[in-house]
Structures are given as C-alpha cells and as structure tokens.
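Below is one structure; the comments refer to it alone.
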Amino acid sequence: MPSVIVVGSGIAGLSAALKLSTTHSVTLVTKAALCDGNTRFAQGGIAAVLTTAHDAPGGGLDSARGADSARGTDSTEAHILDTLRAGAGLSDYPAVEALCSGAADGIRDLIHAGVNFDRSGDQLARGLEAAHTHTRVLHAGGDATGAAIEESLVRMVRASAVAVVENAFLTDLEVDAGRVVGVRLRHGTAAEQLFADTVILATGGAGQLYRHTTNPAAATGDGIAAAWRAGATLADLEFYQFHPTALAVPGNFLVSEAVRGEGAVLLNAAGNRFMGGIHPDAELAPRDVVARSIAAEMATQGGVPIRLDATRLGRSFLAKRFPTIHAATRAAGFDWAREPVPVTPAAHYWMGGIATDLNGRTSLPGLYAVGEAACTGVHGANRLASNSLLEGLVFAARAAKDIATGGRDRPVGRVAASPSTLHEGAYSTDGADSISRAHSTDDVDRDALQRLMWDAAGVLRSAESLDRASAALSRWRGVDAASATIDQLEDANLLELAHLLVHAARERAESRGAHVRSDFPRASAEFERHLAWSREEALVC
C-alpha cells in the first residue's frame with residue numbers, strides 16, 4: 331500500500347488524511363495536539379452556494395437552497411465573481427472556479443462527518459459577510475464554525491486507520507535526488523525521520539510574524555519555510571491579509587466579520603461612522619479596504635483604536651448568534667451589548683505560500699501543499715471572507731484524488747523563470763548544520779521582529795520602511811538547527827519568512843489588495859501577475 335505523510339491537523343490536513351485513509355497508509359503529523367489546529371479558531375463560517383441539484387432527498391443538503399429573497403438568487407457564478415472582485419485582479423479563474431464549484435460536495439462531506447450547521451427553521455442558516463453579494467456563509471454553534479468542523483474531523487480521524495503523531499515539530503523535508511521522500515521531526519527531545527511516497531504540507535500560515543495577529547502561537551510558518559529550504563517555489567508572499575476587527579487587547583481576539591454582516595458599524599474617536607465615505611459597501615467592503623481604512627483613521631486619532639458598535643443588535647441576539655465573541659468581550663471587561671468595543675487590524679491570513687497547481691502539486695516531486703500553506707492563486711491579492719475553510723476542504727479533496735490516481739508522478743509547471751536572486755536562508759541543516767551570515771551578530775528577538783514587521787511591513791508599507799526592515803532583519807543570525815530549541819527553530823523560520831515577505835513587498839511597486847505602498851498608492855498594469863520565488867531565482871507567473 332502506498333504511503334503518505336500529512337503534516338498539519340486543520341481542516342486541510344484532516345480532510346486529506348481521511349480521503350486517503352482507505353487507499354494509502356497515512357501518517358498524520360501535528361505540531362501540538364490533534365485538536366489544536368488553526369481551524370478551530372475560525373468563527374465566521376464557510377462560504378458555499380448550495381443549489382437545488384444538491385438539495386435532492388438523500389443528498390444531505392435537503393433544506394439549503396440558493397434563494398436569497400433580499401438580494402435575488404445566489405449562484406456558483408455569483409460566488410466566483412465575488413471571489414474574483416475581492417482578489418483585486420490576481421485571483422486565477424480556474425482556481426476560483428474549482429473552489430466555488432466544489433463547495434456543495436465539500437459541505438456534504440462535512441455533514442456526513444457530523445458537523446451540525448446552524449438552521450433557521452427547516453433550512454441551513456446563512457449569514458452575510460463583507461464583499462459577498464448574497465447570504466451564503468454557513469455557520470455552526472453561532473460563531474464556533476471552525477471548532478465544530480475540527481471536532482468532527484478529529485473524531486473521524488481517531489476512528490480511522492490514520493496513524494497520528496502528535497507534538498512533533500517539522501524541522502525539514504527529506505529530499506533525495508530532487509524528490510521529497512519524507513520529513514525530519516523534533517519529537518520531544520529526539521530527532522526523528524519519517525519516510526513516505528508522498529508528503530502533504532497542511533501547516534497553515536505565519537501570523538506570528540506580526541505584533542498583532544488573530545493566529546495562535548503555533549502559526550510560525552514551519553511548513554512554508556521547510557519547503558523553501560528544500561527548493562520549492564513560493565508565490566504571492568507580499569499579500570498578508572489583516573483582519574479589520576480584532577479586540578484591541580492583549581491576545582487580539584478576532585471579532586468575526588459576520589458581526590458587521592448582521593449590522594454592527596465602525597466608529598471613530600468622535601463617535602462617527604467613517605466607512606461610508608470610503609467605499610459604497612461601507613463596513614462590508616472587502617477586508618483590505620476596511621483594514622487600511624481603520625489603520626488610517628487610527629493614525630489620525632493618535633493610535634486610539636476604532637470602536638465596533640454592535641449595541642443595536644441586542645443582548646439576546648449577540649449572545650445566541652455570537653456566543654464565543656460574547657464570552658470573550660465579557661472576559662476582556664467589555665459589555666458589547668451596551669457599549670462599542672475597541673478594535674484594531676491584525677494579521678490574519680497569508681494569501682501567499684507554497685506555489686501549487688489546482689491539485690496541490692508543488693514544484694518538487696513528491697510534495698503537495700494544501701490550505702493556507704499553499705498558494706493556488708485562488709485568493710489573489712485579497713481573500714474573500716469565509717473562503718479559507720472552503721479552500722482547505724476543496725483543495726485537500728483535489729490533492730487526495732490526484733495522489734490516489736498517480737498524480738505525484740506527473741510534473742508540474744506553474745511558473746516561468748526570470749533572472750534575479752534572493753538571500754541566503756536563515757538556517758541550514760546541511761554540512762556542519764549551521765549557518766553564518768556576514769553581518770549577523772544577534773540572536774533573533776521575536777518580540778522585536780514582530781514589532782518591526784508590524785511597523786515596517788504591515789498594513790501600510792513604503793520603500794523606506796521595507797528597506798529599514800530588511801536592514802534590521804539582516805542583523806539577526808540563524809541558528810544551529812541540531813542544537814536549537816523548538817522556540818529557536820520557530821524564530822529562525824519567522825526570520826526566513828520575514829526576509830522573503832519584505833523582499834517580495836519591495837519588488838511589488840504598486841498597491842493592490844492587501845499590499846499597500848504609500849509611495850505607489852495605485853495599482854499598476856505592470857504588476858497584474860504573480861511574483862514567485864525559488865532559492866536561486868525570481869519567477870513571474
């Protein structure tokens with residue numbers, strides 16, 4: 331029986347492991363406990379158009395229809411158009427079509443797995459979120475959609491033939507003659523190697539690059555960094571999405587976009603709404619627009635946070651529809667049913683990552699990537715709200731099908747080369763298992779790195795700020811991978827990825843989607859393309 335290693339236990343990793351468990355020997359490796367994937371933090375929901383063809387008896391979706399009386403009839407085509415608009419000209423149409431057309435089958439899989447989506451009468455309840463033209467966002471437990479999905483998938487994995495390795499840190503990929511053949515792990519204090527015919531990276535993003543993030547502490551980009559060191563092509567690294575509304579308190583708890591979808595508004599220090607004069611959709615404009623507008627408004631009021639006013643929704647509605655947020659605001663000392671709460675943008679989702687085709691194949695034979703760790707081109711310069719869980723679900727299924735049908739032996743060609751080079755890696759495991767950087771003298775200070783990235787390569791960038799970031803990053807040195815602690819290895823991964831993000835942001839001399847340059851405030855036709863990178867050359871696709 332062919333073997334597969336899946337690294338990561340969010341919706342993408344769990345789904346891929348389950349899909350392959352009946353035809354392959356599957357080992358699922360996860361950095362913490364199996365149930366600790368980033369998926370469980372997802373609040374808003376999962377976007378999906380469920381048509382009458384999928385509503386037939388026995389289909390599992392009998393009461394979820396595409397009709398939206400207030401906004402006309404929803405359709406897969408409308409979901410595609412919304413995704414393309416949010417992507418600011420860089421979303422690849424074939425990827426978007428695959429995402430949206432795969433939604434109904436993915437939802438059926440989740441219902442089969444035991445996910446109890448919320449209902450309104452005899453229909454699945456659907457919410458409206460920013461930049462969606464229809465109410466198509468399914469949710470579970472009010473604002474606990476991710477947790478409901480993860481719990482159901484974890485339960486199925488536990489009951490399957492999948493071998494689970496918990497609390498194992500991915501240090502690197504095993505590569506033999508240009509092919510990925512396994513993984514190197516730090517399991518407790520022991521270094522281990524696992525080998526397989528195919529490796530799938532579902533390791534998520536790197537929100538810990540930034541001072542303010544909605545991501546958990548484990549989001550340090552380990553899989554993306556390991557793929558880079560192994561020689562995989564990365565793409566769209568300059569596009570990091572900042573969620574507009576995280577509580578402006580330590581921990582930056584996410585306040586779902588669905589709250590604004592239900593009618594909450596944003597207020598400045600004077601108590602006035604300001605989004606109406608910026609975008610016709612006001613608070614429901616695309617995330618990149620709302621995030622940078624909040625950042626700009628905060629700058630004009632001396633850094634004082636914006637306030638999110640949900641008081642008009644009423645206490646009983648807030649407690650029932652958003653129980654997780656309701657509890658979090660109370661724990662932070664706020665009564666959001668009586669008063670507006672302070673919010674700030676926070677790093678949320680990386681549109682960039684390991685470049686793949688529509689079946690998860692990377693530039694390295696034997697290596698697949700799915701979920702946030704992958705860059706399929708589906709999100710372009712800015713992800714549409716509630717498309718992330720859907721991405722993990724749909725593209726994990728596509729990757730599993732490709733692997734099951736021998737796709738791992740087919741070549742993939744996603745990008746074309748153009749001359750340029752990037753920096754040396756932040757740490758290495760070859761030779762003496764160490765790295766020296768000519769001007770690097772200090773160990774990585776994660777807090778300082780996060781502050782630097784927030785200030786210089788965050789919501790707003792410029793050539794000056796990016797050059798300042800690059801110079802500061804170069805003063806930090808890598809680590810001896812053999813003797814480093816897990817924290818130090820995470821720091822090295824963050825340093826590696828910070829260099830790459832800053833370099834990519836410096837190269838994209840325009841503003842587009844989540845990438846905003848004060849010195850190039852408009853989009854340019856010259857950059858209506860993806861920027862991709864390998865260790866030896868820059869690529870354009």
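Just so we're aligned, residue 331 is where the sequence shown starts under the working numbering, counting upward by one. Ideal Cβ positions, reconstructed from N, Cα and C, are used throughout, including at glycine. A quick note: this is a predicted structure, and the numbers were derived from the prediction, not measured.
Relative to the C-alpha of residue i, which candidate in the options has its C-alpha closest?
{"i": "T874", "options": "G419, R637, F652 and A548", "result": "Residue coverage of the chain in this structure runs from 331 to 871, which leaves residue 874 outside it and unanswerable."}
{"i": "D618", "options": "A711, R438, A477 and R668", "result": "A711"}
{"i": "A526", "options": "A703, T692, M331 and V673", "result": "M331"}
{"i": "A562", "options": "A434, R842, I684 and G601", "result": "I684"}
{"i": "R415", "options": "L454, L831, A828 and H709", "result": "H709"}
{"i": "A578", "options": "T463, V671, I530 and L503", "result": "V671"}
{"i": "S854", "options": "A729, R668, R842 and V832", "result": "R842"}
{"i": "W680", "options": "S864, L539, L648 and A378", "result": "L539"}
{"i": "A802", "options": "A408, A676, K650 and D785", "result": "D785"}
{"i": "H833", "options": "L597, L567, D435 and H860", "result": "L567"}
{"i": "A600", "options": "G632, K361, L503 and S800", "result": "G632"}
{"i": "L380", "options": "E721, G436, T641 and R847", "result": "G436"}
{"i": "A378", "options": "T360, L429, L584 and G417", "result": "L429"}
{"i": "E427", "options": "A418, L411 and L420", "result": "L411"}
{"i": "L581", "options": "E627, A418 and H678", "result": "Looking at the sequence provided, one finds Gly at residue 581 rather than Leu. That would be H678, whose Cα lies nearest to the Cα of G581."}
{"i": "D502", "options": "R485, L524, F857 and G736", "result": "L524"}
{"i": "R637", "options": "H442, V673, D611 and V585", "result": "V673"}
{"i": "L714", "options": "A729, V724, G417 and L358", "result": "G417"}
Spatial neighbours of residue i within its chain, please: C-beta separation below 7 Å, excluding the five flanking residues on both sides.
{"i": "S431", "result": "T406"}
{"i": "H609", "result": "A615 and V619"}
Excluding the five sequence neighbours on either side, which residues of its own chain have a C-beta within less than 6 Å of the C-beta of residue i, listed in chain order?
{"i": "G338", "result": "A532 and T533"}
{"i": "G707", "result": "D422 and A425"}
{"i": "P695", "result": "R509"}
{"i": "A588", "result": "G374, G457 and E459"}
{"i": "D732", "result": "N689"}
{"i": "V334", "result": "L350, H354, V356, A526 and T528"}
{"i": "T686", "result": "T692, A699, A704 and T706"}
{"i": "E481", "result": "none"}
Using DSSP bridges, identify the partner residues of residue i.
{"i": "Q571", "result": "Y679"}
{"i": "Y698", "result": "I530 and R691"}
{"i": "E504", "result": "G512"}
{"i": "W806", "result": "D772"}
{"i": "Q453", "result": "S450"}
{"i": "V494", "result": "L358"}
{"i": "R637", "result": "L597 and P672"}
{"i": "F499", "result": "R516"}
{"i": "R603", "result": "L597"}
Is residue i helix, strand or coil when you go by DSSP?
{"i": "C705", "result": "strand"}
{"i": "P672", "result": "strand"}
{"i": "L720", "result": "helix"}
{"i": "S792", "result": "coil"}
{"i": "L714", "result": "coil"}
{"i": "I655", "result": "helix"}
{"i": "E480", "result": "helix"}
{"i": "H517", "result": "strand"}
{"i": "G472", "result": "coil"}
{"i": "H829", "result": "helix"}
{"i": "T751", "result": "Because T751 carries a pLDDT of 38, less than 50, the predicted location of this residue cannot be relied on, and the following value inherits that uncertainty. It is coil, neither helix nor strand."}
{"i": "L440", "result": "helix"}
{"i": "R852", "result": "coil"}
{"i": "A386", "result": "Its pLDDT being 35, under 50, A386 is placed unreliably in this model, and the coordinates cannot settle the point."}
{"i": "V487", "result": "helix"}
{"i": "R842", "result": "strand"}
{"i": "S525", "result": "One point to set straight first is that residue 525 is Phe, not Ser, in the sequence displayed. It is a strand residue."}
{"i": "R781", "result": "helix"}
{"i": "I554", "result": "helix"}
{"i": "I608", "result": "coil"}
{"i": "G396", "result": "Its pLDDT being 48, under 50, G396 is placed unreliably in this model, and the value from its coordinates should be taken loosely. Three-state result, G396: coil."}
{"i": "R617", "result": "helix"}
{"i": "V467", "result": "strand"}
Please go through the same chain and pick out, in chain order, the residues whose beta-carbon is closer than 8 Å to the beta-carbon of residue i, but skip the five residues on each side of it.
{"i": "D448", "result": "L454, A455, L468, H469, A470, G471 and G472"}
{"i": "F850", "result": "A839, E840 and S841"}
{"i": "A408", "result": "V379, T463 and H464"}
Fill in: Segment contact flag, the segment 490-502 with the segment 347-355, C-beta cutoff 8 Å, min 3 pairs
yes
Worksheet item: Is the segment 620-632 touching the segment 595-606 in the sense that three or more CB pairs, one from each, lie closer than 8 Å?
Response: yes
Worksheet item: Counting Cβ pairs closer than 8 Å, one from the segment 770-787 and one from the segment 837-853, do we hit at least three?
Response: no
Worksheet entry | Touching by the beta-carbon criterion (3+ pairs, under 8 Å), the segment 808-825 and the segment 547-559 | yes
Worksheet entry | Contact the segment 496-508 vs the segment 358-366: 3+ CB pairs below 8 Å | yes
Worksheet item: Three or more beta-carbon pairs under 8 Å between the segment 556-575 and the segment 794-812, yes or no?
Response: no
Practice prompt. Count the C-beta pairs between the segment 657-668 and the segment 632-644 that are closer than 8 Å, then say yes if the count reaches three, no if not.
Written response: yes
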